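The next block holds one structure in the form of structure tokens; read it before the comments.
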Amino acid sequence: MYEELISYVKQFSDLDDDYILRMVKGVPIMTFKKGHILQSQGNSIEKCFFVLKGIVKQFTLKEDGKEVISNFYTEGDFIGIFSQQNNIISEYSLQCMEDTRVLIADNNSDVKAYDDFPELIEIIPKMLEMRIAEMQERLSMFIGSSPEKRFKIIMETRPNLIERVPQNQLSNYLGITPESFSRIKKRIYNNLRSSK
């Protein structure tokens with residue numbers, strides 16, 4: 762159950778598996794049903810999540826009630842902000858798109874974790890740097906790209922989203938209408954079939 766998390770932590774440290782397992786063993790793992798809200802827009806951010814199984818959607822509700830999807834997190838993805846500052850207000854909501862199992866870290870318990878495992882002082886900033894770099898890369902891939910190019914990027918970098926996320930949600934994420942999404946998807950798949 763902890764294998765994915767151990768793999769994830771090893772990207773930032775040369776600690777052995779047993780030590781990493783001791784670090785994460787006390788962190789709660791919970792399963793949530795499809796539709797469950799992990800974090801609500803406008804509430805303070807108190808927890809970080811590591812997705813063990815399932816999909817979590819990150820979205821913002823605009824003043825007109827329109828939902829704007831900014832990300833999907835799947836197995837092996839880290840979600841959240843490690844912070845010792847209280848009252849950081851979330852600008853987005855997190856919702857389970859499938860029955861989802863996550864490891865949950867409480868931001869308020871960081872100080873004790875640092876005392877018990879001082880290596881976290883080096884590991885967590887590296888995790889944050891990688892997360893910021895991933896977000897910047899994802900944003901730069903989308904800015905200025907045509908809808909067709911954005912779809913191809915998803916096909917190449919995150920193909921499981923096409924299979925697991927409803928078309929209307931994926932089209933929202935790509936910034937296009939469901940009808941445009943259908944046309945683009947059909948055209949790309951037809952081109953792939955004809956090129957074989």
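If you use our numbering, the sequence shown corresponds to residues 762 to 957, in order.
Using N, Cα and C, we set each Cβ at its ideal position, and we do this for glycine too.
Values in this document were obtained by computation on a predicted structure and should not be read as measured data.
Which parts of the stretch 821-861 are runs of the beta strand (DSSP E), unbroken and 3 residues or longer, counting only runs that do not cross its ends? 828-834, 854-857
Can you grab the Cα-Cα spacing for the pair residue 833 / residue 925, in whole Å? For the pair residue 833 and residue 925, the Cα-to-Cα distance works out to about 11 Å.
Whose C-beta lies closer than 8 Å to the C-beta of residue 938 among residues of the same chain, with five residues either side of it excluded? The residues are 932.
Any idea if residue 791 is buried or exposed, counting beta-carbon neighbours within 10 angstroms, 16 or more meaning buried? exposed
Taking 9 Å as the cut-off, decide whether the C-beta atoms of residue 903 and residue 942 are in contact. no
Sequence-distant residues of the same chain with beta carbon closer than 7 Å to residue 838, five excluded per side: 812
For residue 772, does the three-state DSSP call read helix, strand or coil? DSSP, read as helix, strand or coil, puts residue 772 in coil.
Selection from 786, 807, 853 that minimises the alpha carbon distance to residue 877: When each option's Cα is compared against that of residue 877, the closest is 786.
Option nearest residue 827 by Cα separation, candidates 807, 934, 948: 934
Backbone CA spacing between residue 867 and residue 889 [nearest angstrom]: 16 Å
Three-state secondary structure (DSSP) of residue 918: In the displayed model, residue 918 falls within a helix according to three-state DSSP.
Heavy atom of the ligand FAD within 8 Å of residue 881 beta-carbon: The ligand FAD is absent from the structure shown, which contains no ligands of any kind.
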